[in-house]
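J.:
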Amino acid sequence: MERVFHIREGLGVFWRDRDTLQIGLDPRTGVTVGGLNRTEQDFVAALSRPLSATEVESSAHRMHIAPARRTEILDMLDRAAVLAQPLRSLSGTCVQLTNLDALGVSIALALAEAGVGAIVFSPNMGTVGQEDHPALAKRLGMPRAQAFLTALRSASVEIRTSGTPDVAVVTGSRLIDPSATGDLCGRGVPHLLAWVEEVDACIGPLVEPGENACAGCVYEARCEADPAWVNLAPQAVFAKPIVAPTNVRNLACDLAVRCILGFLAGDGNSLREAQWRVPRGTAAPRQVAVVAHPACPCSAHSLLLGKIDKTDGESDFEANGVGANAERSVKASSRSCFEAAAAANGEAGPAPNASGASPTGTRLGDDPEDLLPPFGEF
Numbered sequence: 139m140e141r142v143f144h145i146r147e148g149l150g151v152f153w154r155d156r157d158t159l160q161i162g163l164d165p166r167t168g169v170t171v172g173g174l175n176r177t178e179q180d181f182v183a184a185l186s187r188p189l190s191a192t193e194v195e196s197s198a199h200r201m202h203i204a205p206a207r208r209t210e211i212l213d214m215l216d217r218a219a220v221l222a223q224p225l226r227s228l229s230g231t232c233v234q235l236t237n238l239d240a241l242g243v244s245i246a247l248a249l250a251e252a253g254v255g256a257i258v259f260s261p262n263m264g265t266v267g268q269e270d271h272p273a274l275a276k277r278l279g280m281p282r283a284q285a286f287l288t289a290l291r292s293a294s295v296e297i298r299t300s301g302t303p304d305v306a307v308v309t310g311s312r313l314i315d316p317s318a319t320g321d322l323c324g325r326g327v328p329h330l331l332a333w334v335e336e337v338d339a340c341i342g343p344l345v346e347p348g349e350n351a352c353a354g355c356v357y358e359a360r361c362e363a364d365p366a367w368v369n370l371a372p373q374a375v376f377a378k379p380i381v382a383p384t385n386v387r388n389l390a391c392d393l394a395v396r397c398i399l400g401f402l403a404g405d406g407n408s409l410r411e412a413q414w415r416v417p418r419g420t421a422a423p424r425q426v427a428v429v430a431h432p433a434c435p436c437s438a439h440s441l442l443l444g445k446i447d448k449t450d451g452e453s454d455f456e457a458n459g460v461g462a463n464a465e466r467s468v469k470a471s472s473r474s475c476f477e478a479a480a481a482a483n484g485e486a487g488p489a490p491n492a493s494g495a496s497p498t499g500t501r502l503g504d505d506p507e508d509l510l511p512p513f514g515e516f
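Here it is as structure tokens:
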């Protein structure tokens, strides 16, 4: 497929003076370009709109710019990271949705609109009630899965509802029961934890099984911070679900979708060891750190220690005695922490696939961009 050359959307080409171009105005993305004559400056400015390789060659030819010089200019723009790169198509990606609550539906509809090819979900999700997402609530009494499918088709006509998930979204109210993620951990499916608490909506971490903090780690951290959580959590699972205000839900959804799309596009996991907390009212969202907990059998904490402390010649799994047993613990640990607590309190029955515990952690920097870098020069 022929490459399309285009200055990244939104940057723009400006003249600082007669001899110097500036691409982009923000110091974090902008670069200054010197050493070009006026014709070459016009050649660069023409890239403000998309041009095919053939059109670029023709433009340079008309301006009497030699092929070698044309290549030199384009390579310089590539090194400066101001040329748009081909975007990975999301049509082949698949996201699993474990719950059709308002937050989960918001995230799924936004992903569909962004081009995700498939959203998979269970057909057994009860019936639509008054507190469902607005896209479903107008179909009161209809099976929730059917109403969601209708809304999903409206967001993306070509959306599929089957496939192997690249990532899952686990949503709920008050907390995430680790048992709700046991199957995902066992299959090695990355999954974003997202739930609504009394004050905050919590987004993250995006769990990569065995590599970073999981729902069990979040639960163990909460128990460490408050020993009574072992008794409170089973009650919270069965409590009436919390419905987030529309503005909180929308902002939480945007943060979740941004993380998932970046992950699917291969840009990494922006919530690997972090979580967004979106409060009610006018306060700004904040990030907190979420790390693997040593009391959780998911093996992530042990693997982290292995990577730090292993001796020369040892693999990550061999270090500190971590090996197949640690790997098995990810797949075998499916019994809910909440079921154990419920049994200890004489309560019967497994916890439903609801939501998750509020992690403890330290505030990350409120404004990591206090000092903006100077313009790059090329």
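Count along the sequence shown from 1, add 138, and you get the number used in our numbering. Using N, Cα and C, we set each Cβ at its ideal position, and we do this for glycine too.
Give the secondary structure of ARG156 by DSSP, where H, G and I count as helix, E and B as strand, and everything else as coil.
T.: In the structure shown, ARG156 sits in coil (DSSP, three-state: anything other than H, G, I, E or B).
J.: Contact between the stretch 217-225 and the stretch 141-152 is defined here as three or more beta-carbon pairs at a separation below 8 Å; is this criterion met?
T.: Segments in contact, yes.
J.: Spell out whether any CB of chain B is found under 9 Å from the CB atom of SER408.
T.: Included in the structure is just one protein chain, with no chain B present.
J.: Less than 6 Å between C-beta atoms, sequence neighbours within five positions excluded: which residues of the same chain meet that for ASN491?
T.: Because ASN491 carries a pLDDT of 38, less than 50, the predicted location of this residue cannot be relied on, and no value is offered for it.
J.: Under the rule that 16 or more other beta-carbon atoms within 10 Å means buried, what is MET263, buried or exposed?
T.: It counts as buried.
J.: Please classify GLU236: is it buried, with 16 or more other beta-carbons within 10 angstroms of its beta-carbon, or exposed?
T.: Checking the sequence, you will find Thr at residue 236 rather than Glu. So THR236 counts as buried.
J.: Quick one: Cα of VAL428 to Cα of GLY400, how far?
T.: Using only the alpha carbons, I get a separation of about 19 Å.
J.: Using 9 Å as the threshold, is the C-beta distance between VAL87 and HIS329 below it?
T.: Outside the shown range of the chain, which is 139 to 516, sits residue 87, and nothing can be said about it.
J.: For HIS431, count neighbouring C-beta atoms within 10 Å of its own C-beta (all shown protein chains included) and say buried if the count is 16 or more, exposed if not.
T.: Its Cβ being crowded by 16 or more others within 10 Å, HIS431 is buried.
J.: For THR309, count neighbouring C-beta atoms within 10 Å of its own C-beta (all shown protein chains included) and say buried if the count is 16 or more, exposed if not.
T.: Answer is buried; the Cβ neighbour count reaches 16.
J.: With a 10 Å radius around its C-beta and 16 neighbouring C-beta atoms as the bar for buried, classify ALA240 as buried or exposed.
T.: Its Cβ being crowded by 16 or more others within 10 Å, ALA240 is buried.
J.: Tell me whether the beta-carbon of LEU174 lies closer than 9 Å to the beta-carbon of VAL151.
T.: Not closer than 9 Å, so no.
J.: Which residue's Cα is closest to the Cα of ARG387: CYS323, ALA332, GLY267 and GLY230?
T.: When each option's Cα is compared against that of ARG387, the closest is ALA332.
J.: Would you give the residue range spanned by the beta strand (DSSP E) that VAL308 belongs to?
T.: Unbroken beta strand (DSSP E) run through VAL308: 305-311.
J.: Judging by CA-CA distance, which residue of GLY404, LEU290, PRO303 and THR299 is the nearest neighbour of ASP321?
T.: Cα-wise, what sits closest to ASP321 is PRO303.
J.: What number of angstroms, rounded off, separates the C-alpha of ALA293 from the C-alpha of ARG396?
T.: Near 17 Å, if we compare the C-alpha coordinates of ARG396 and ALA293.
J.: Checking 9 Å against the spacing of the C-beta atoms, do ALA353 and ILE380 come in under that value?
T.: Result no, Cβ atoms of ALA353 and ILE380 do not sit closer than 9 Å.
J.: Report all residues from its chain with a CB closer than 8 Å to the CB of SER408; omit the five preceding and five following residues, and keep chain order.
T.: Hits under 8 Å: LEU344, ARG396, CYS397, GLY400 and PHE401.
J.: So for HIS144, helix, strand or coil by DSSP?
T.: Three-state DSSP puts HIS144 in coil, outside helix and strand.
J.: Where does CYS391 sit, in a helix, a strand or coil, going by DSSP?
T.: Helix.
J.: What number of angstroms, rounded off, separates the C-alpha of GLU269 from the C-alpha of ALA285?
T.: Rounded to whole angstroms, GLU269 to ALA285 spans 14 Å at the Cα level.
J.: Could you pull out every unbroken beta strand (DSSP E) segment of at least 3 residues lying fully inside the stretch 312-368, listed in chain order?
T.: Complete beta strand (DSSP E) runs here, min 3: 329-334 and 338-345.
J.: Can you give the Cα-Cα distance for ALA351 and GLN425, rounded to whole angstroms?
T.: If you take the alpha carbons of ALA351 and GLN425, they lie about 15 Å apart.
J.: ARG298 bridges to which residues according to DSSP?
T.: ARG298 is bridged to ALA256.
J.: To the nearest angstrom, how far is the alpha carbon of VAL416 from that of SER244?
T.: Cα to Cα, the separation comes out at about 15 Å.
J.: Please report the residue range of the beta strand (DSSP E) in which LEU235 lies.
T.: 232-235 is the extent of the beta strand (DSSP E) around LEU235.
J.: By DSSP, does SER190 sit in helix, in strand, or in coil?
T.: Of the three classes helix, strand and coil, the one that applies to SER190 here is strand, per DSSP.
J.: Using DSSP with H/G/I as helix, E/B as strand and the rest coil, what is ARG418?
T.: Here ARG418 sits in coil by DSSP.
J.: Does the beta-carbon of ASP338 have 16 or more other beta-carbons within 10 angstroms, so that it is buried, or is it exposed?
T.: Burial call: buried.
J.: Quick check on the DSSP output: the beta strand (DSSP E) that includes ARG424 runs from which residue to which?
T.: First-last of the beta strand (DSSP E) with ARG424: 424-427.
J.: Between which two residues does the alpha helix (DSSP H) harbouring VAL182 extend?
T.: That run of the alpha helix (DSSP H) goes 176-183.
J.: Looking at the secondary structure, which residues open and close the beta strand (DSSP E) in which VAL171 lies?
T.: 169-171 is the span of the beta strand (DSSP E), which, as asked, contains VAL171.
J.: Taking only heavy atoms of the ligand HEM into account, decide whether any of them is closer than 8 Å to the Cβ of ALA318.
T.: Here there are no bound small molecules, and the ligand HEM is not part of this structure.
J.: Between the C-alpha atoms of GLU452 and ARG217, what's the straight-line distance to the nearest angstrom?
T.: Low confidence applies here, because GLU452 scores a pLDDT of 40, under 50, leaving its location unreliable and the question unanswered by this model.
J.: Could you tell me how far apart the beta carbons of LEU98 and GLN179 are, in whole angstroms, since I believe they sit closer than 8 Å?
T.: Since the first and last residues shown for the chain are 139 and 516, residue 98 lies out of range.
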